[in-house]
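Chains as they are written, first to last, in the working numbering: chain A, 154 to 502; chain R, 3 to 303; chain B, 24 to 310.
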């Protein structure tokens with residue numbers, strides 16, 4: 154594919170000017186992040202992200218996988234500084250090329266969003282303004298960031314729509330969001346996220362609302378775009394099967410913690426945490442027709458009432474007395490960690 | 003809960019309001035100073051309306067009709083904290099006795115409006131079709147009408163200006179707002195899965211409406227109801243001030259303000275004390291509605 | 024699954040069509056612009072069988088579920104349930120017929136009335152069909168139903184919001200089972216649930232089938248889930264059934280290009296798991 158005209162190369166924005174900026178540092182590194190909803194009237198403190206760490210480098214895909222309430226979306230939002238009202242970061246850091254976003258003021262953070270870190274949400278319909286044609290919405294991104302004049306911005310918008318493989322982009326740019334199908338709309342949102350050529354793209358359940366056939370297309374598109382732009386891609390998902398093809402590295406979250414982190418091929422073949430293993434077994438698999446599915450008893454815990462020690466203990470068939478103490482992070486293999494006291498028994502069987 | 007729901011017509015609403023989680027909203031409400039204040043004001047006013055004699059007699063001159071023209075327009079003195087009105091009657095006991103009619107009109111109007119809104123809103127929203135078309139167009143007609151002029155015209159044709167007749171006229175012009183809200187609320191509830199589930203089980207329309215639709219659709223209307231009581235009390239005062247609402251010898255705050263309009267430049271108290279009660283009542287009901295809205299909104303609970 | 028011969032049809036659908044006018048216009052003329060949600064569907068469900076109905080959004084599978092459970096009326100065509108024409112029944116006859124065919128919903132957050140207790144929710148069918156269980160036995164029957172779906176009868180006095188998605192789905196299933204239906208139409212019953220909870224509910228359906236002899240129409244967009252529960256599968260697209268066959272037919276020898284596309288794009292763990300041991304259900308691998 155020939156490189157099409159760009160608004161401008163990743164400009165030396167305010168972030169690159171900072172002393173902490175290091176082009177060789179990971180594109181996104183989350184370290185020991187803790188996010189809480191502080192106790193309020195009649196509500197106890199809920200720790201929704203509890204010491205999560207992971208990192209992703211340019212050209213890599215990191216999948217963050219977890220069930221509802223695992224804190225995966227909250228972690229993703231923290232990276233963009235868009236926490237819901239009431240949530241507060243207690244500790245930890247979110248570094249983009251070495252610069253801790255949590256130390257930046259709102260004004261500076263605004264320049265980071267879109268330019269360095271961009272996000273694609275699950276529901277494309279609410280991410281777009283229903284009364285403005287999509288081409289103009291994308292063009293506005295350039296104008297707001299002072300990257301281009303009106304004419305040039307409109308041209309770039311069409312170009313971007315073309316790049317996310319929307320057929321007949323020039324005509325479609327004049328259409329309103331409701332005139333697009335779900336999959337096409339998600340492409341528009343991806344185009345918008347890529348407008349300012351960010352280094353990090355966070356996709357929060359980008360295909361959950363889509364049909365199976367469309368889901369495959371969007372995942373393929375993200376993969377292609379990543380290769381073209383050497384993006385660091387963070388794919389947040391509830392489904393291990395969906396990210397199986399595309400993830401270089403997988404972080405499994407449970408109750409706000411990263412319980413296992415491993416390269417994709419390693420995690421699927423040699424899970425070292427009982428929760429990962431249970432998740433894998435619970436996914437219906439081809440060719441296992443007629444057999445009951447392995448199930449995990451119970452439901453994910455209430456973040457306001459976490460279990461002592463290992464969070465997974467109440468649902469874990471392996472739980473022993475020692476699990477009442479918080480498990481340390483064990484090194485299972487190269488870049489493979491597990492927070493389970495008894496990880497050897499999980500991998501050993 | 004509060005006086006708002008003690009009106010018999012609101013009984014259906016009260017059973018719908020209280021269940022959410024057993025005592026969740028009520029308990030969280032009791033922790034809000036705004037709710038405690040507004041509920042106190044509302045309860046107190048209702049007590050006053052129920053037994054004005056008791057409160058009026060506090061300073062020893064409880065009879066609003068025991069007047070002495072010698073004292074016409076006199077300021078506050080011992081035993082007469084608000085002073086005298088133009089007829090020489092005790093202003094305090096008049097204001098206290100005025101509570102009953104003002105509040106009565108507020109509650110009666112709102113009750114009639116609420117029942118109308120629930121019935122018509124359900125018919126329009128749940129059954130839809132031609133019925134919805136008719137009710138909606140009828141509402142549009144009322145919305146397009148200059149309300150104040152409409153009320154003046156209708157009231158002018160009445161020979162009796164009692165609490166009931168004024169209430170009915172006020173209700174005649176205020177039902178469309180609540181009905182429209184009820185209709186849209188029913189529309190959203192109607193297609194929810196649990197209503198479909200009841201239909202699929204073979205439940206009749208009445209059962210679906212009473213068990214599922216009304217309890218789940220009424221919250222926004224119930225909240226507005228409390229606020230609208232305040233609005234109606236003001237509207238009554240305005241109509242009476244214009245001379246088309248209640249008329250003496252009825253004693254409402256509106257009637258007192260009406261009498262005051264010629265004299266208030268000299269006797270400010272005539273305007274001040276009834277307005278003070280009026281404002282307090284309106285504030286009480288509006289704040290109460292506000293708190294109820296918060297209590298019903300699960301995101302704020 | 025069980026090798027019971029599924030001979031007698033309990034549900035038979037012939038040339039079913041559902042059209043509705045585009046938009047909500049009460050006075051819209053007939054013959055105006057119409058949307059065809061279900062377009063000439065034929066299908067048969069035999070006794071004790073699970074028929075998987077697969078399709079993407081807008082394929083008409085939910086519309087079909089609403090027709091089969093008499094929530095909506097078909098525009099034309101025949102629905103025969105246990106030998107009686109469901110589409111012709113009215114009034115009391117229809118109400119009695121509804122006992123035989125019940126619906127399980129997709130979204131456990133909207134399918135239960137938030138203001139009712141679990142007891143009232145599960146008991147409601149018994150109040151509507153008073154002939155099924157004498158009033159005095161309601162409490163015992165509700166407790167029995169809750170146990171059947173894996174909930175504690177002690178939970179009966181709670182309200183839905185106190186339960187997780189999976190538990191709510193169980194409540195919905197208990198309600199659907201209250202009238203002892205022969206047929207359960209499940210409209211995407213696990214797609215709103217977490218993966219680990221999904222498996223619990225899928226297994227519950229399987230267990231109920233062998234315990235109660237229920238026949239299922241199991242609707243899903245997820246081919247992998249359907250493969251697990253169904254005996255036969257019908258693939259639906261744009262209101263029509265494009266392919267029907269046994270599970271082996273559909274998964275191993277798909278004929279229709281659309282079925283092939285669906286299969287190709289369905290996310291699958293298998294390649295990633297290559298070489299890993301097949302899990303034993305129930306965690307024997309850990310004990």
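The beta-carbon is built from N, C-alpha and C at its ideal position, and this holds for glycine as well.
From residue 218 of chain R to residue 159 of chain B, what does the alpha carbon distance come to, in whole angstroms? Looking up residue 218 of chain R in the second chain gives position 216. Looking up residue 159 of chain B in the third chain gives position 136. Taking the straight line from one Cα to the other gives about 29 Å.
Residues in the segment 386-412 of chain A having any Cβ partner in chain B nearer than 7 Å: 391, 392, 393, 394, 395 and 397
Along chain A, in chain order, which residues have C-beta atoms closer than 9 Å to that of residue 183 of chain B? Residue mapping note: residue 183 of chain B aligns to position 160 of the third chain, counting from 1. Simply none; closest approach about 14 Å.
What does residue 136 of chain B reach in chain R if we use C-beta pairs closer than 9 Å? Here residue 136 of chain B refers to the residue found at position 113 of the third chain. The contacting residues are 194, 196, 197, 199, 200, 213, 214, 217 and 218.
One question on the structure: do residue 387 of chain A and residue 255 of chain A come within less than 8 Å of each other, judged by their Cβ atoms? Position 234 of the first chain, counted from the first residue, corresponds to residue 387 of chain A. Position 102 of the first chain, counted from the first residue, corresponds to residue 255 of chain A. Result no, Cβ atoms of residue 387 of chain A and residue 255 of chain A do not sit closer than 8 Å.
Within chain A, the residues that residue 167 of chain B reaches when beta carbons sit closer than 7 Å: The residue labelled residue 167 of chain B in the question sits at position 144 within the third chain. Contact of residue 167 of chain B with chain A by beta-carbon distance below 7 Å is absent, the smallest such distance being about 22 Å.
Along chain R, which residues have their Cβ under 7 Å away from the Cβ of residue 133 of chain B? By one-based count along the third chain, residue 133 of chain B stands at place 110. Per Cβ cutoff of 7 Å: 194, 195 and 196.
At a cut of 8 Å, does the segment 278-287 of chain R reach the segment 42-52 of chain R through at least three beta carbon pairs? yes
Give a yes or no on whether the minimum CB-CB distance between residue 25 of chain R and chain B is below 8 Å. The residue labelled residue 25 of chain R in the question sits at position 23 within the second chain. Only weak support exists for where residue 25 of chain R lies, its pLDDT of 48 falling under 50; the coordinates are left without a value.
Closer than 7 Å by C-beta to residue 24 of chain R: which residues in its own chain qualify, once you throw out the five before and the five after it? Chain order, please. Residue mapping note: residue 24 of chain R aligns to position 22 of the second chain, counting from 1. Caution is warranted here: a pLDDT of 42 is assigned to residue 24 of chain R, below 50, making its placement in the model unreliable, and no coordinate value can be reported.
Cα separation between residue 32 of chain R and residue 38 of chain R? Counting from 1 along the second chain, the entry for residue 32 of chain R is found at position 30. Counting from 1 along the second chain, the entry for residue 38 of chain R is found at position 36. Near 6 Å, if we compare the C-alpha coordinates of residue 38 of chain R and residue 32 of chain R.
Buried or exposed by the 16-neighbour rule on C-beta atoms within 10 Å, applied to residue 425 of chain A: What you label residue 425 of chain A is simply residue 272 of the first chain in a count that begins at 1. So residue 425 of chain A ends up on the buried side.
According to DSSP, is residue 484 of chain A helix, strand or coil? Numbered from 1 along the first chain, position 331 holds the residue referred to as residue 484 of chain A. Residue 484 of chain A falls in the strand class under three-state DSSP.
Got a sec, what are the start and stop residues for the alpha helix (DSSP H) residue 175 of chain R sits in? Reading the second chain from its first residue, position 173 is the one you call residue 175 of chain R. It spans 165-192 - the alpha helix (DSSP H) in which residue 175 of chain R sits, taken as one unbroken run.
Please report whether the beta-carbon of residue 274 of chain R lies at a distance below 8 Å from any beta-carbon of chain B. Working through the second chain from its first residue, we reach residue 274 of chain R at position 272. By this cut-off, residue 274 of chain R is not an interface position.
Given residue 230 of chain A, which residues of its chain have a CB within under 7 Å of its CB, disregarding the five upstream and five downstream residues? Working through the first chain from its first residue, we reach residue 230 of chain A at position 77. Correct list, in chain order: 236.
Look at the alpha carbon of residue 118 of chain B and the alpha carbon of residue 148 of chain B, and state the distance between them as a whole number of angstroms. For the purposes of this step, residue 118 of chain B is taken as the residue at position 95 of the third chain. For the purposes of this step, residue 148 of chain B is taken as the residue at position 125 of the third chain. Between residue 118 of chain B and residue 148 of chain B, the C-alpha separation is close to 11 Å.
Beta carbon proximity, residue 358 of chain A to chain B, threshold 8 Å: Position 205 of the first chain, counted from the start, is the residue given in the question as residue 358 of chain A. Not closer than 8 Å to any Cβ of chain B, the Cβ of residue 358 of chain A fails to qualify, so no.
Could you compute how far the alpha carbon of residue 152 of chain B sits from the alpha carbon of residue 126 of chain B? The count along the third chain starts at 1 and reaches residue 152 of chain B at position 129. The count along the third chain starts at 1 and reaches residue 126 of chain B at position 103. When rounded, the distance between both Cα atoms is 16 Å.
Proximal chain B residues relative to residue 205 of chain R, where beta-carbon distance stays under 8 Å: Taking the second chain and counting its residues from 1, one reaches residue 205 of chain R at position 203. What residue 205 of chain R touches in chain B: 147 and 151.
Please confirm if residue 220 of chain A has its CB atom under 8 Å from at least one CB of chain B. Numbered from its first residue, the first chain carries residue 220 of chain A at position 67. Yes, residue 220 of chain A lies at the interface with chain B (some Cβ there is under 8 Å from its Cβ).
Which value, in whole angstroms, describes the spacing of the CA atoms of residue 210 of chain B and residue 367 of chain A? Numbered from 1 along the third chain, position 187 holds the residue referred to as residue 210 of chain B. Numbered from 1 along the first chain, position 214 holds the residue referred to as residue 367 of chain A. C-alpha separation (whole angstroms): 21 Å.
From the DSSP output, which residues share a beta bridge with residue 334 of chain A? Reading the first chain from its first residue, position 181 is the one you call residue 334 of chain A. Paired residues: none, contrary to the question.
Reference residue 68 of chain R, options R:96, R:52 and R:79, closest by Cα: The count along the second chain starts at 1 and reaches residue 68 of chain R at position 66. Nearest of R:96, R:52 and R:79 to residue 68 of chain R, Cα basis: R:96.
8 Å Cβ cutoff met for residue 509 of chain A and residue 355 of chain A: Chain A is shown only over 154 to 502; residue 509 of chain A falls outside these bounds and no answer can be derived.
Residue 397 of chain A and residue 453 of chain A: beta carbons closer than 8 Å? For the purposes of this step, residue 397 of chain A is taken as residue 244 along the first chain, with counting starting at 1. For the purposes of this step, residue 453 of chain A is taken as residue 300 along the first chain, with counting starting at 1. Cβ distance not < 8 Å, so residue 397 of chain A and residue 453 of chain A don't count as in contact.
What in chain R is Cβ-close to residue 94 of chain B, meaning under 8 Å? Here residue 94 of chain B corresponds to residue number 71 of the third chain, with the count starting at 1. The contacting residues are 198, 201 and 202.
Element boundaries [beta strand (DSSP E), containing residue 407 of chain A]: Counted from its first residue, the first chain places residue 407 of chain A at position 254. Looking at the DSSP string, the run of the beta strand (DSSP E) that includes residue 407 of chain A is 402-407.
Residue 209 of chain B bridges to which residues according to DSSP? For the purposes of this step, residue 209 of chain B is taken as the residue at position 186 of the third chain. In the DSSP output, where bridge partners are listed per residue, residue 209 of chain B has B:127 and B:241.
Taking three-plus beta-carbon pairs below 8 Å as touching, is the segment 208-227 of chain B in contact with the segment 404-424 of chain A? No contact exists between the segment 208-227 of chain B and the segment 404-424 of chain A.
Compare the C-beta of residue 290 of chain B with all C-beta atoms of chain A and state if any pair is closer than 8 Å. In the third chain, residue 290 of chain B corresponds to position 267, counting from 1. True, the Cβ-Cβ gap to chain A drops below 8 Å.
So for residue 162 of chain R, helix, strand or coil by DSSP? Within the second chain, numbered from 1, the residue matching residue 162 of chain R stands at position 160. Residue 162 of chain R falls in the coil class under three-state DSSP.
Go through its chain and collect everything with a Cβ distance to residue 328 of chain A's Cβ below 7 Å, but skip five positions before and after it. In the first chain, residue 328 of chain A corresponds to position 175, counting from 1. Cβ neighbours of residue 328 of chain A beyond the five flanking positions: 286 and 287.
At a CB-CB cut-off below 8 Å, which residues of chain A make contact with residue 129 of chain B? Residue mapping note: residue 129 of chain B aligns to position 106 of the third chain, counting from 1. What residue 129 of chain B touches in chain A: nothing, since even the nearest Cβ is about 13 Å away.
Please list the terminal residues of the continuous beta strand (DSSP E) segment that includes residue 60 of chain B. Taking the first residue of the third chain as 1, we reach residue 60 of chain B at position 37. Here the beta strand (DSSP E) through residue 60 of chain B covers 57-69.
Are the segment 247-267 of chain B and the segment 63-82 of chain B touching by the rule of at least three beta carbon pairs closer than 8 Å? Taking 8 Å as the limit for Cβ pairs, the verdict is that the segment 63-82 of chain B does touch the segment 247-267 of chain B.
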